[in-house]
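Start counting the sequence shown at 2; every next residue gets the next number (the working numbering).
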Amino acid sequence: MPANKLPSGSLVLITGANGFLGSHICDQLLHAGYRVRGTVRDTAKQAWLAEYFDKKHGKGKFELAHVPDFTADGCLDEAIKGCSAIAHTASDLSFSPDPNEIITPVIKATQRALQAAMKEPGIKSFVLTSSSTAATKANPDKKFHIDRNTWNEEEVKTAWAPPPYTRDRVWAVYGASKTQGEQAAWQFVKENKPSFTVNTILPNANFGAILDAEQQSGSTAGWIRAILEGDKGGLTKSIAPQYFVDPVDTALLHVGALTDLSLNGERIFAFAEPFHWTQVLEILRKLRPSANLPEDYKDNGQRDLSTVDNELAVKILKESGRDGFKGLEQSLRELVDSLP
Numbered sequence: 002m003p004a005n006k007l008p009s010g011s012l013v014l015i016t017g018a019n020g021f022l023g024s025h026i027c028d029q030l031l032h033a034g035y036r037v038r039g040t041v042r043d044t045a046k047q048a049w050l051a052e053y054f055d056k057k058h059g060k061g062k063f064e065l066a067h068v069p070d071f072t073a074d075g076c077l078d079e080a081i082k083g084c085s086a087i088a089h090t091a092s093d094l095s096f097s098p099d100p101n102e103i104i105t106p107v108i109k110a111t112q113r114a115l116q117a118a119m120k121e122p123g124i125k126s127f128v129l130t131s132s133s134t135a136a137t138k139a140n141p142d143k144k145f146h147i148d149r150n151t152w153n154e155e156e157v158k159t160a161w162a163p164p165p166y167t168r169d170r171v172w173a174v175y176g177a178s179k180t181q182g183e184q185a186a187w188q189f190v191k192e193n194k195p196s197f198t199v200n201t202i203l204p205n206a207n208f209g210a211i212l213d214a215e216q217q218s219g220s221t222a223g224w225i226r227a228i229l230e231g232d233k234g235g236l237t238k239s240i241a242p243q244y245f246v247d248p249v250d251t252a253l254l255h256v257g258a259l260t261d262l263s264l265n266g267e268r269i270f271a272f273a274e275p276f277h278w279t280q281v282l283e284i285l286r287k288l289r290p291s292a293n294l295p296e297d298y299k300d301n302g303q304r305d306l307s308t309v310d311n312e313l314a315v316k317i318l319k320e321s322g323r324d325g326f327k328g329l330e331q332s333l334r335e336l337v338d339s340l341p
């Protein structure tokens, strides 16, 4: 075993394990030979998760941990005991337009996760699941470049504008929570100089298989489900063209950042390729010709023209045995195949 590799069989803590990305990260860690402890707010409600992984990977490799409040002092101190790594994927997805209700708790939860890691002597690596929105909001038809120094300050300014907190700032508040949550993590690292590695993963829209029917929304994969179930262009009209990534690729990037201890201080961009809704609808018509899809939706020719430093992500995926990112059609096919 290389000195810079997390030993196989190590126990890894995943917060928000029942989420769309959290479940995929657990799945890929188990596939790679690690043990996983996943936090959920309600172990009875999320018991399906342990049943799913027991059946797929064998009993004794996955366990649930009850953590009802990620902002509480010491909330992860018990869950993290005996762990060698932690990925903090849990986040507030209630989409309140009030920044005090979303951004402040997200920052505190990130700090609590890092504080817990500092207390546990066996921790070797920490990964924060950030978001593309920590770097930028979707800006179709504008040419710009995204790198490790790119931050979504525009949404932060919009989110913290004076009240009233109207619904039209929901996405700005979400983007600002990811921006300021990740910035808080890097500030913590600067001030506390932890002995473990710290990296962040910034995925864009995740389109890919939903692991189990118990995951009702499927996060951004839920956009595709909604279209297939009769959304008449509402989503495609309100969500601008941007990049996509397959959730398995996002999960593999987490596995790489958790287990390759030579990686440290990196912002890893999980941006596979740009998509636009006309393209998505064309693919969905091929995959589900009987679906009642929007017929003549026009996206006004809008395209994501940004470029991004995703070379490190490609390198990590290749080291995991992949050729690189999955393409859009393959990811949409696997998503559609995973639906009833």
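Positions of the beta carbon are idealized from the N, C-alpha and C atoms, including for glycine.
| Check | Outcome |
| --- | --- |
| For residue 272, tell me which candidate among 243, 79 and 140 has the shortest Cα-Cα distance. | 243 |
| Does DSSP put residue 124 in a helix, a strand or coil? | coil |
| Taking 8 Å as the cut-off, does the region 77-85 touch the region 41-58 (at least 3 CB pairs, one atom from each stretch)? | no |
| Bridge partners of residue 201, per DSSP? | 129 and 268 |
| Which whole-angstrom value describes the C-beta separation of residue 128 and residue 255, a residue pair presumed to lie in contact below a C-beta threshold of 8 Å? | 6 Å |
| Cα separation between residue 60 and residue 296? | 47 Å |
| Can you list, in chain order, the residues of its chain with a C-beta nearer than 7 Å to that of residue 240? Leave out the 5 residues immediately preceding and following it. | 224 |
| Can you find the residues in the same chain that come closer than 6 Å, C-beta to C-beta, to residue 111, ignoring five residues on each side of it along the sequence? | 182, 185 and 186 |
| Is the Cβ-Cβ distance between residue 307 and residue 143 less than 9 Å? | yes |
| Of all the options 292, 35 and 283, which has the alpha carbon lying nearest to the alpha carbon of residue 231? | 292 |
| Over the uninterrupted alpha helix (DSSP H) stretch that includes residue 22, give me the two end residues. | 21-32 |
| Given residue 326, which residues of its chain have a CB within under 6 Å of its CB, disregarding the five upstream and five downstream residues? | 250 and 273 |
| Could you pull the DSSP bridge partners for residue 193 from this structure? | Answer by DSSP bridge pairing: none, since residue 193 is not bridged. |
| Given this structure, state the Cα-to-Cα distance separating residue 324 from residue 314, to the nearest angstrom. | 11 Å |
| Which of helix, strand or coil does DSSP assign to residue 243? | strand |
| Can you tell which of 197, 174, 126 and 226 has its C-alpha closest to the C-alpha of residue 105? | 174 |
| Quick check on this structure: which residue in 167, 35 and 135 has the alpha carbon closest to the alpha carbon of residue 98? | 167 |
| Where do the ends of the alpha helix (DSSP H) carrying residue 223 lie? | 222-229 |
| Could you give the distance in angstroms between the alpha-carbon of residue 40 and the alpha-carbon of residue 205? | 23 Å |
| Tell me whether residue 275 sits in a helix, a strand or coil according to DSSP, three-state version. | strand |
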